[in-house]
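Below: the structure, in structure tokens.
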Amino acid sequence: MTNITQNDITTALQDQVKQAISSNTPLSIQAGNSKRFYGHSIDENTNAKPLDLSSHTGIINYDPTELCATVQAGTKLSELEALLAQNNQILAFEPPHYPSGTNNQDTATIGGAIATGIAGPRRAYTGSVRDAILGVKMINGTGEIANFGGEVMKNVAGYDLSRMMVRSQGTLGVILSVSVRVIPQPEQNMTLAFDASQTEALSYFQELRKTNLPITATAWLNDQGLIRVSASEQVLKSCKSKIKGDEITNGGDFWQGLRDHTHEFFNKNRPLWRFSLPPASSSVIPLDDAQLLEWDGAQRWVHSNTPANIIQDIAKPHNGYATLFNSNSRIETHNNLSNMDIFPALEPALLTLHQSLKSQMDPQGIFNPNRIYRGL
Amino acid sequence: MTIEAATRNKLIFQLAEVLPENFLLTTKEELRPYECDGLAAYKRLPVAVALPDSIEQVQQIVKICSQLQVPVVARGAGTGLSAGALPHEGGIVLGLSRFNKIVSIDSENLTAVVQPGVRNLAISEAASPYGLYYAPDPSSQLACSIGGNVAENSGGVHSLKYGQTVHNVMQVKIVTIDGELITLGSETLDTPGYDLLALITGSEGMLGIIVEIVVKLLPKAESVKVLMASFDSIEDAGHAVAAIIADGIIPAGLELMDKAAIHAAEDFVHANYPLDVAAILLCELDGDDIQLAEQVEKVDTLLKEKKAVAVEIADSPEEQARLWAGRKAAFSAAGRISADYYCMDGTIPRKQIAYVLKRITELSEKYGLRVVNVFHAGDGNLHPLILYDAGIEGELETTEKFGGDILELCVEVGGTITGEHGVGYEKIDQMCVQFNDAELTQFFAVKRAFDADSLLNPGKAIPTLHRCAELGGMHVHNGELPHPELPRF
Ligand SMILES: Cc1cc2nc3c(=O)[nH]c(=O)nc-3n(C[C@H](O)[C@H](O)[C@H](O)COP(=O)(O)OP(=O)(O)OC[C@H]3O[C@@H](n4cnc5c(N)ncnc54)[C@H](O)[C@@H]3O)c2cc1C
């Protein structure tokens, strides 16, 4: 029953794409809309039609001993994670859900998580979104359905198009379903907190990076360092003597707040900037605005009204970059933010390569035009 | 497709202008060592071999070839097992062996900047004083180059826990066919734009020439244990693999050998393997002491529950090396008991291991050819070795047919034709079994974006739509493998 329905939905989606190709109408691919704020708005300058994947749902295949789940792209992250939890497994990249609306609705889907490639607190320790991708089924730029990768752990047949779909934000095709590698859920989690300046915390995280301790998250904010450790009870006990800080009781809520940006740090009406830096970078962001650090310092958040060019120039000399993650006030500041690039500019030769890849894979330019960069 | 004399002359003349004398090889004797890679069944002489030592030279070479429309085949150490570096008779081989420097090791960011010709093992050796290592460990690691590893997305015994090349590379610099130098990836944990780093990894020299790589380094594990479990049936061993994974344990390595492999290896290296069992599983666990002790206990119990008739736990590095020795020598051991063998590289879902091994046994009876099974059971990556004798009329053809059946069987149960050796020239026909026209067409589109005239390694990895014929494999004649000094996994 479900299968037949899902096949019908797949066919309907494919028809819509074919229709869009023949009428040269751009499509705005969406499902849960939980990450709609991320990137340029598609509807701004085009007459794009929505392509809705939110009913393209369901678990296609999941066998815990294969460490792989294959799911329709519109499946809610919460649903997938609940199923994995029943089998003591998790997604290694701890994807954010970004609940929104007055009653904090959790609408995030796996397709959106893959397309944006945004990962949560665990990323620096157990891998990125693309690291976990094993296969993708997509509708391509000629309206055909194509499969890349698969469900097995190792696969080097053909170019790795499934991993390339991650972070392409729907600009290269419609993700219909994905196969993701999952990992065992650690028996327990423990969060330790210690007082430290940013510099002290960074150098301590750096020290810990050279150990094999089962750390699965770190953060620094408000002159406090926090470390999540995940393992068996006995191992956690031994970690207490190896890692500094006192155990806090509400660790689970704290990390979920960071993951989903529901932590009060993110409750500000200023543009939210994300810095991505080599992990061992010291305190390099000379802004007065409060900072929140994650991933041992490789990911840093700042709400700031500082002009974009100044912010982006802070990151560059450190071999990093800054992204306008969420303008948070799109309407009011529309005029000064909409003309700038949300994502850091690409080197000219690299941009040319992006453009030719886009025009090869989406010859009519119908998939989420301009979502990441203008012209893509 | 050979080269016209006029083009050849222009090519050599122009290359000689940008390269020092001994960086350009053109005589038959000089070209001979480049006629094949680790899969010696396929041989061709290129027009010339260029051995540059700077990125500028690579850019100049590529520009010349691009202008004259001459194919370019990149080559690392030539240990590939799918004829990926097989020369093009109308083109040049661009050898990266002179790019052999470890540029820097960053013990704070845990990365190393290396040139593509650096040997895989040399990175871990250089990182060792900092307590660090580079995780992917193909058994050719003494010889194979990191550039080749990126081009093939190579794996190793420890890929189960630590991933393949794609999981352990941060950034690469490539020279495109137009001679542009482009950086893909970054020193941070993600990069703006498309993930072209993932795309270039495993692209088999078809999208660009890799000229510099930033690899990720890991702190060395505190301690290691190796368990060896024996089973009376291969199905039991297969079930034990699934049980370990189901219990939430990801071993650093989990390898299976069948009876034929055990006997061949034991005769060769005397690892003290049990000879009266149907299969053994080698399981390596690592971590800090407390964690490790817990895992060893769990795995030991699980193995016994899953009908292991004996479990041996190796604590000391010497004992561990002894247990691994037989596994590492298994390919060479197979070479001793048969005139020739043919190595497959399919990957299947773990739950299909017992079924696929049974079908392989049936096929073995059908074709009248023996098979040795020794493989990465943890990630379902099979390496069946078909034993044959090329001296017997028609036996090679039978073997190829048998091998083709095995690869198709892998696809049939939801797997893939290659887990780590790549498609190259060898498995190009099996690509037609795995991908349909729409998918192949998508690959061509990607290729066009990078290399519109198809000058980079043409005729490899992605078949044209009308090409779907014979089947291939890794051929070994009279146990004479290229690189016989290397352990084989
Ligand atoms: C004894 C033995 C054991 C092996 N064990 C394993 C194993 O355990 N796991 C595994 O995965 N493989 C294994 N292999 C296969 C082989 O070693 C790997 O594929 C390796 O990565 C090839 O590296 P290379 O430098 O020899 O590349 P080559 O053989 O020279 O080239 C391989 C491919 O990469 C391309 N290439 C090489 N360098 C570059 C570059 N700089 N830029 C662009 N393209 C490039 C070539 O064009 C070719 O297509 C084994 C081989 C042997 C002989």
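Chains as they are written, first to last, in our numbering: chain E, 485 to 860; chain L, 2 to 490.
Note that CB positions come from ideal geometry on N, CA and C, so glycine has one too.
Here the distance from the Cβ of H422/L to the nearest heavy atom of ligand 1 is below 8 Å.
For L561/E, the closest of Q570/E, P770/E, G595/E and Y546/E by C-alpha to C-alpha distance is G595/E. DSSP, reduced to helix, strand and coil, places Y274/L outside both helices and strands of the structure shown, so it counts as coil.
Exclusion of the five residues before and after L397/L leaves A391 as the residues of its chain whose Cβ lies within less than 6 Å of its Cβ. Taking a C-beta distance under 9 Å as the contact criterion, P510/E and G849/E qualify as a contact pair. The Cβ atoms of Y389/L and H838/E lie no closer than 9 Å to each other. Look at T80/L: its C-beta is not under 9 Å from any C-beta on chain E.
In terms of beta-carbon proximity, S652/E lines the interface with chain L, with at least one pair separated by less than 9 Å. In the DSSP assignment, P828/E falls outside any beta strand (DSSP E), carrying neither H nor E.
CA-to-CA, the gap between V278/L and F232/L works out to about 6 Å. Closer than 9 Å at the C-beta level to chain E, one finds these residues of the segment 119-152 of chain L: Y131, G132 and L133. Per the C-alpha coordinates, the member of V216/L, N121/L and Q142/L positioned closest to S108/L is V216/L. At least one C-beta of chain L is nearer than 9 Å to the C-beta of A641/E.
Residues of the segment 529-556 of chain E that bring their beta carbon within less than 7 Å of a beta carbon in chain L comprise D547, P548, T549, E550 and L551, in sequence order. Contact annotation: the segment 254-261 of chain L touches the segment 375-384 of chain L, with at least three C-beta pairs closer than 8 Å. Distance from the CA of T683/E to the CA of G709/E, rounded to the nearest whole angstrom, comes to 11 Å. With distances taken between CA atoms, R758/E lies nearest to T192/L out of L161/L, T192/L, G404/L and A127/L.
Contact with chain E is found for N437/L, since one of that chain's Cβ atoms lies less than 9 Å from the residue's Cβ. Of the candidates S681/E, F632/E and S687/E, F632/E places its Cα closest to the Cα of V662/E. Taking CB atoms only, Y805/E has a neighbour in chain L less than 9 Å away.
F827/E reaches chain L at P193 and G194, counting residues in chain order whose Cβ is nearer than 9 Å.
Under the Cβ distance rule, T184/L counts among the residues neighbouring chain E, one pair being separated by less than 9 Å.
For F827/E, the CB stays at least 8 Å from every heavy atom of ligand 1. Note on geometry: alpha-carbon atoms of V310/L and L133/L lie some 37 Å from one another. Counting only Cβ-Cβ distances below 9 Å, G404/L has no contacts in chain E at all, with the closest Cβ about 15 Å away.
Here the alpha carbons of D268/L and A199/L stand approximately 42 Å from one another. Any Cβ of chain L closer than 9 Å to the Cβ of I667/E would place that residue at the interface, and such an atom is present. Under the three-state reduction of DSSP output, R647/E falls in the helix class. The segment 412-427 of chain L and the segment 336-351 of chain L touch, with no fewer than 3 CB-CB distances between them shorter than 8 Å. Not flagged as an interface residue toward chain L: M674/E, since no C-beta distance is shorter than 9 Å. Within 10 angstroms of the beta-carbon of I393/L lie fewer than 16 other beta-carbons, which makes it exposed.
Residues of the same chain with a CB within less than 8 Å of the CB of N588/E, apart from the 5 flanking positions on each side, are T746 in chain order.
Bridge partners of G633/E according to DSSP: G619/E. Shortest gap from the CB of R76/L to any heavy atom of ligand 1: under 8 Å. Within 8 Å of the C-beta of L32/L there is not a single heavy atom belonging to ligand 1. In the three-state reduction of the DSSP assignment, H422/L falls in the coil class.
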